[in-house]
Amino acid sequence: MPFGLSNAPSTFMRVMNQLFRPFIGKFVVVYFDDVLIYSPNFDEHVKHVRQVLTLLRRDNLYAAKKKCVFMVPKVLFLGYVVSGDGIQVDESKVAAVKQWPTPTTITEVRSFHGLASFYRRFIRNFSSLMAPVTDCMKGKTFIWTEEAESAFQLIKEKLTTAPILILPDFSRVFELHTDASQGGIGAVLSQGGRPVSYFSEKLTGPKLRYSTYDLEFYAVVQAVKHWRHYLFHKEFVLLQTMIR
């Protein structure tokens with residue numbers, strides 16, 4: 064199917080979802096033509112791979128051998144390194160961030176912001192940390208401040224030391240830790256004290272005038288919305304850092 068057609072991507076995605084519906088959420092993740100098969104052990108993995116290949120053969124769909132990788136402990140999938148330990152950043156992209164020179168134009172700031180934002184789920188309070196950098200994108204005149212340079216270097220450091228995010232275990236209770244300040248809100252979704260993902264949002268406009276209690280409630284609401292696919296119809300523990 065040529066992906067240049069306007070409806071081709073959505074049609075192809077629908078076909079893949081219908082094909083792998085019995086396996087999705089059990090041992091298969093599908094994103095367009097990327098199919099990830101995960102298993103708890105070798106024997107189960109052989110069984111799962113055979114089931115996936117059988118479905119593809121039944122519907123006359125083919126996988127390019129040179130693009131396939133089988134029986135590996137970790138794999139690069141959609142820009143992330145996925146393994147039994149969890150999800151990690153792609154070292155090649157982190158290396159690009161680490162070597163990124165100090166921006167000299169608004170366009171360069173936008174490029175850095177776009178690349179760094181891809182891995183924002185790995186950095187606690189990303190939006191607040193990035194705020195001095197994004198402030199440089201406002202207006203027509205580019206001014207790179209000392210605060211922006213400090214934030215720029217800190218973001219690069221945070222990315223190069225990003226933690227491994229564990230894969231969610233839906234048989235265990237989630238812990239949602241939220242905090243808020245006058246500049247932004249942040250949250251951590253974890254299990255057993257280990258992070259599953261981070262979330263943050265920079266406050267703008269009327270939200271900057273919220274009271275302390277409104278900010279705390281806003282942080283909870285936004286975090287629950289962000290992770291609704293994990294928390295919907297699930298009991299979870301809410302932990303809040305109160306503003307003093």
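To convert, take the position in the sequence shown, counting from 1, and add 63; that gives this note's numbering.
Idealized CB from N, CA, C, for every residue including glycine.
Start-to-end residues for the alpha helix (DSSP H) that takes in residue i
i, result
"residue 107", "105-121"
"residue 222", "209-223"
"residue 154", "154-161"
Cα-Cα separation, residue i to residue j
i, j, result
"residue 293", "residue 278", "23 Å"
"residue 169", "residue 264", "21 Å"
"residue 282", "residue 274", "12 Å"
"residue 74", "residue 219", "39 Å"
"residue 120", "residue 252", "40 Å"
"residue 250", "residue 129", "41 Å"
"residue 83", "residue 107", "17 Å"
"residue 228", "residue 92", "18 Å"
"residue 197", "residue 243", "19 Å"
"residue 167", "residue 81", "48 Å"
Local conformation of residue i per DSSP, three classes
i, result
"residue 127", "coil"
"residue 170", "helix"
"residue 176", "helix"
"residue 83", "coil"
"residue 197", "helix"
"residue 237", "strand"
"residue 77", "helix"
"residue 181", "coil"
"residue 187", "coil"
"residue 307", "For residue 307, the predicted structure reports a pLDDT of 48, less than 50, and the residue's modelled location is therefore unreliable. A value from the coordinates is still provided. Three-state DSSP puts residue 307 in coil, outside helix and strand."
"residue 247", "strand"
"residue 265", "strand"
"residue 192", "helix"
"residue 226", "coil"
"residue 231", "coil"
"residue 72", "helix"
Exposure of residue i, with buried meaning 16 or more beta-carbon neighbours within 10 Å
i, result
"residue 307", "Unreliable positioning characterises residue 307 in this predicted model, as indicated by a pLDDT of 48, which lies under 50. The coordinate reading is nonetheless provided below. It counts as exposed."
"residue 221", "buried"
"residue 271", "exposed"
"residue 71", "exposed"
"residue 143", "buried"
"residue 77", "exposed"
"residue 33", "This structure gives no information on residue 33, because the portion of the chain shown stretches from 64 to 307."
Nearest-angstrom Cβ-Cβ length linking residue i and residue j, presumed shorter than 8 Å
i, j, result
"residue 195", "residue 204", "Not really, about 16 Å apart at Cβ, beyond 8 Å."
"residue 178", "residue 160", "6 Å"
"residue 316", "residue 146", "Because the chain is modelled from 64 through 307, residue 316 falls outside the range shown and cannot be assessed."
"residue 112", "residue 100", "6 Å"
"residue 94", "residue 185", "19 Å between Cβ atoms; not a contact."
"residue 226", "residue 258", "6 Å"
"residue 212", "residue 165", "7 Å"
Limits of the beta strand (DSSP E) - the one that residue i falls within
i, result
"residue 276", "It is not in any beta strand (DSSP E) - residue 276 instead sits in the alpha helix (DSSP H) that spans 275-289."
"residue 101", "Looking at the DSSP string, residue 101 is not in any beta strand (DSSP E), and its letter there is neither H nor E."
"residue 95", "First-last for residue 95: undefined, no H or E at that position."
"residue 140", "137-140"
"residue 145", "143-146"
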